[in-house]
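Structure first, commentary second.
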Amino acid sequence: CLPHHFHLDHCGALPYFSEMVGYDGPIYMTHPTKAICPILLEDFRKITVDKKGETNFFTSQMIKDCMKKVVAVHLHQTVQVDDELEIKAYYAGHVLGAAMFQIKVGCESVVYTGDYNMTPDRHLGAAWIDKCRPDLLISESTYATTIRDSKRCRERDFLKKVHEAIERGGKVLIPVFALGRAQELCILLETFWERMNLKAPIYFSTGLTEKANHYYKLFITWTNQKIRKTFVQRNMFEFKHIKAFDRAFADNPGPMVVFATPGMLHAGQSLQIFKKWAGNEKNMVIMPGYCVQGTVGHKILGGHGNVSQEGPSLEVKMQVEYMSFSAHADAKGIMQLIRQAEPRNVLLVHGEAKKMEFLKQKIEQEFHVTCHMPANGETVTVHTNPNIPVDVSLGLLKRELTIGPLPDSKRPKLMHGTLIIKDNSFRLVSPEQALKELGLAEHQLRFTCRIHFQDPRKEHETGLRLYNHLKTFLKDYSVQHLSDTSIMVESILIQVTVQSEDPATKLLLVSWTYQVRFLFYTCYHTPGFQSPLPLSKGL
Numbered sequence: 129c130l131p132h133h134f135h136l137d138h139c140g141a142l143p144y145f146s147e148m149v150g151y152d153g154p155i156y157m158t159h160p161t162k163a164i165c166p167i168l169l170e171d172f173r174k175i176t177v178d179k180k181g182e183t184n185f186f187t188s189q190m191i192k193d194c195m196k197k198v199v200a201v202h203l204h205q206t207v208q209v210d211d212e213l214e215i216k217a218y219y220a221g222h223v224l225g226a227a228m229f230q231i232k233v234g235c236e237s238v239v240y241t242g243d244y245n246m247t248p249d250r251h252l253g254a255a256w257i258d259k260c261r262p263d264l265l266i267s268e269s270t271y272a273t274t275i276r277d278s279k280r281c282r283e284r285d286f287l288k289k290v291h292e293a294i295e296r297g298g299k300v301l302i303p304v305f306a307l308g309r310a311q312e313l314c315i316l317l318e319t320f321w322e323r324m325n326l327k328a329p330i331y332f333s334t335g336l337t338e339k340a341n342h343y344y345k346l347f348i349t350w351t352n353q354k355i356r357k358t359f360v361q362r363n364m365f366e367f368k369h370i371k372a373f374d375r376a377f378a379d380n381p382g383p384m385v386v387f388a389t390p391g392m393l394h395a396g397q398s399l400q401i402f403k404k405w406a407g408n409e410k411n412m413v414i415m416p417g418y419c420v421q422g423t424v425g426h427k428i429l430g431g432h433g434n435v436s437q438e439g440p441s442l443e444v445k446m447q448v449e450y451m452s453f454s455a456h457a458d459a460k461g462i463m464q465l466i467r468q469a470e471p472r473n474v475l476l477v478h479g480e481a482k483k484m485e486f487l488k489q490k491i492e493q494e495f496h497v498t499c500h501m502p503a504n505g506e507t508v509t510v511h512t513n514p515n516i517p518v519d520v521s522l523g524l525l526k527r528e529l530t531i532g533p534l535p536d537s538k539r540p541k542l543m544h545g546t547l548i549i550k551d552n553s554f555r556l557v558s559p560e561q562a563l564k565e566l567g568l569a570e571h572q573l574r575f576t577c578r579i580h581f582q583d584p585r586k587e588h589e590t591g592l593r594l595y596n597h598l599k600t601f602l603k604d605y606s607v608q609h610l611s612d613t614s615i616m617v618e619s620i621l622i623q624v625t626v627q628s629e630d631p632a633t634k635l636l637l638v639s640w641t642y643q644v645r646f647l648f649y650t651c652y653h654t655p656g657f658q659s660p661l662p663l664s665k666g667l
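The working numbering puts the first residue of the sequence shown at 129, with every later residue one more than the last.
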């Protein structure tokens with residue numbers, strides 16, 4: 129089990145999975161995810177059980193028991209799960225501790241991205257992965273058709289809208305999730321308030337700022353380079369202008385900015401504040417991230433003037449703005465990751481069907497790979513062509529590289545040897561070494577093809593002309609003229625001799641000791657070698 133990060137849509141069912149369903153396999157996650165996950169799970173349990181009265185739900189003790197089973201992993205650490213299965217974590221951006229996982233079984237591998245962000249921001253770096261060429265890349269596709277504008281322009285627009293609302297005496301609600309975009313926007317507003325010397329209060333849900341500050345201190349190596357460099361002199365997460373929020377503050381007169389959870393206005397404190405402020409046109413709600421269908425956030429972004437959620441219909445007069453500070457990769461970022469990893473197949477998840485279809489076509493056109501987008505519960509069969517790693521002996525490698533041209537990407541070089549399979553490992557060695565290791569005597573068969581032809585010249589002259597002719601026609605092969613006037617083409621020996629009373633009648637001997645696929649051309653018919661004819665194929 130590989131929870132990629134601490135957001136509840138990725139880890140919310142973990143205690144149910146391990147403590148109620150009976151999963152007893154290993155659970156791996158990064159150190160920040162392991163630290164933050166139980167806190168959000170406990171908040172989730174309180175809301176679901178204590179407030180909504182759900183009975184068939186995991187308990188606090190189950191959360192603790194579940195987390196005891198978790199094994200924390202470092203980035204780029206290869207973890208051997210069993211004899212065949214190994215995993216490796218890569219930095220995903222998105223939120224503190226988020227990771228993409230590569231899973232290898234034998235020679236085949238899958239990369240599961242989880243949520244990731246290919247663009248660095250004010251507190252996290254960009255996602256990164258090796259050119260690992262997995263058989264399958266499973267990628268999120270939340271923003272399958274979106275290409276976001278410049279981050280600097282977005283930040284400027286965000287600050288302008290917040291400032292305008294404050295100047296006209298309005299209140300600004302920014303629904304966020306507890307950790308992630310919240311810290312990004314807090315840093316942005318903190319810097320702006322300091323520069324502009326603004327006095328309107330900024331509030332954050334009680335307790336979350338303290339918890340966030342603690343974890344960002346603890347896992348400072350997971351943040352971006354700028355924060356790591358300045359952390360000793362100044363902790364960017366100790367905010368001077370942002371204070372803890374109390375519910376009573378929502379009724380205070382005058383302008384204010386409030387960060388409240390959750391980020392989609394589907395429950396909790398953000399929804400309660402929204403209901404209080406929605407009827408005043410001076411106020412503003414800024415949605416900084418994606419909202420799934422059915423949530424209040426999705427409805428108001430769709431232009432609904434009246435919304436209802438667990439109560440009577442509510443008229444929305446406040447200004448509604450959407451500014452994508454989401455930590456998900458956009459279409460450009462998804463294509464960038466595919467280019468970086470070079471997968472053989474792609475499978476899209478975590479998105480909307482119509483948008484995924486558009487991205488699927490784009491991926492197949494640009495990368496010439498098969499792309500899948502299965503519905504929930506649908507099974508996909510992915511065909512792979514596994515590469516089997518073979519160790520090549522140094523002696524064989526040296527011998528093969530001295531024969532013929534060196535290999536390149538356009539023209540691979542065939543290598544001849546004996547394959548030894550032992551204990552699931554494969555070794556390619558020279559026949560001599562294989563016989564020695566196996567304790568077998570060497571027996572060699574030599575095959576010779578005899579060809580008569582007419583040429584009035586002396587033997588060495590005929591041999592030299594034949595050598596020059598072969599050099600011309602067999603440019604991709606090693607052709608050598610030996611001191612005894614014989615010719616070597618790769619491992620094939622060619623000799624010219626006279627075996628009759630007529631010196632013009634020559635005998636061409638073509639000998640080989642290995643079965644090799646080879647196309648050999650020579651000429652006969654006239655003494656001047658004017659008419660090249662195919663002599664033999666498949667020698």
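Just so it is clear, CB atoms sit at the ideal spot from N, CA and C, and this is done for glycine as well. If you're wondering where the values come from, they're calculated on a predicted model, not measured in any experiment.
CA nearest to the CA of residue i, picked from the options
i      : options                           : result
Phe581 : Asp249, Lys368, Gln627 and Gln489 : Gln627
Ser278 : Arg593, Gly479, Glu492 and Lys460 : Lys460
Tyr284 : Tyr331, Arg261 and Leu317         : First, the residue type needs correcting, since residue 284 is Arg and not Tyr in the sequence shown. That would be Leu317, whose Cα lies nearest to the Cα of Arg284.
Pro160 : Lys564, Tyr244, Ala226 and Asp171 : Ala226
Val239 : Asn411, Ser441, Leu264 and Thr273 : Leu264
Leu130 : Gly150, Tyr144, Ile155 and Gln397 : Ile155
Ile491 : Leu169, Phe347 and Met463         : Met463
Phe367 : Val207, Leu313 and Val508         : Leu313
Phe486 : Ser441, Thr270, Ala455 and Phe305 : Thr270
Gln468 : Met246, Val198 and Thr176         : Met246
Val497 : Met484, Glu470, Lys339 and Leu224 : Glu470
Asp379 : Lys403, Met392, Ile370 and Lys371 : Lys403
Lys483 : Tyr151, Lys180 and Thr274         : Thr274
Leu252 : Glu268, Asp630 and Ala310         : Ala310
Cβ-Cβ distance between residue i and residue j below 8 angstroms
i      : j      : result
Phe575 : Val518 : no
Thr423 : Ser333 : no
Val385 : Ile315 : no
Val508 : Pro502 : yes
Met636 : Val624 : According to the sequence as given, residue 636 is Leu; it is not Met. For Leu636 and Val624, yes; Cβs fall inside 8 angstroms.
Ile531 : Ser611 : no
Val223 : His342 : no
Asp243 : His132 : yes
Ala308 : Ala254 : The question names Ala, but residue 308 is Gly in the sequence shown. No.
Ala306 : Leu168 : yes
Three-state secondary structure (DSSP) of residue i
i      : result
Ser188 : helix
Tyr418 : coil
Cys577 : strand
Glu480 : coil
Asp675 : Missing from the structure shown is residue 675; the chain here goes from 129 to 667 and no further.
Arg555 : strand
Val199 : strand
Asn669 : The displayed coordinates of the chain run from 129 to 667. Any statement about residue 669 would go beyond what the structure contains.
Val207 : strand
Pro143 : helix
Met446 : coil
Tyr716 : There is no way to answer for residue 716, as the model of the chain reaches only from 129 to 667.
Residue i to residue j span [Cα, whole Å]
i      : j      : result
Leu203 : Ile355 : 19 angstroms
Phe646 : Thr349 : Its pLDDT being 36, under 50, Phe646 is placed unreliably in this model, and the value from its coordinates should be taken loosely. Going by the C-alpha atoms only, they are around 58 angstroms apart.
Gly396 : Arg173 : 13 angstroms
Thr613 : Leu542 : 27 angstroms
Val201 : Gln230 : 13 angstroms
Asn552 : Thr512 : 20 angstroms
Tyr144 : Met195 : 12 angstroms
Leu566 : Arg261 : 37 angstroms
Val640 : Ile620 : Correcting the residue identity first, residue 640 is Trp in this sequence and not Val. The straight-line gap from Cα to Cα measures roughly 5 angstroms.
Glu528 : His544 : 8 angstroms
Leu442 : Gln421 : 18 angstroms
Val198 : Ile215 : 15 angstroms
Val413 : Glu494 : 39 angstroms
Asp178 : Val444 : 30 angstroms
Delimiting residues of the beta strand (DSSP E) encompassing residue i
i      : result
Leu465 : Where Leu465 is concerned, there is no enclosing beta strand (DSSP E), although the alpha helix (DSSP H) it sits in stretches over Ala459 to Ala469.
Leu635 : Thr633 to Trp640
Leu621 : Ile620 to Thr625
Glu268 : Leu264 to Glu268
Ile257 : Per DSSP, Ile257 belongs to no beta strand (DSSP E) and is neither H nor E.
Phe387 : Met384 to Ala388
Glu212 : Note, Glu212: premise wrong, no beta strand (DSSP E); not H, not E.
N-terminal and C-terminal residue of the alpha helix (DSSP H) that residue i is part of
i      : result
Cys165 : His159 to Arg173
Asn135 : Note that residue 135 is His in the sequence shown, not Asn. Run containing His135: none; DSSP gives neither H nor E here.
Glu312 : Arg309 to Met324
Ile275 : No alpha helix (DSSP H) contains Ile275, which DSSP labels as neither H nor E.
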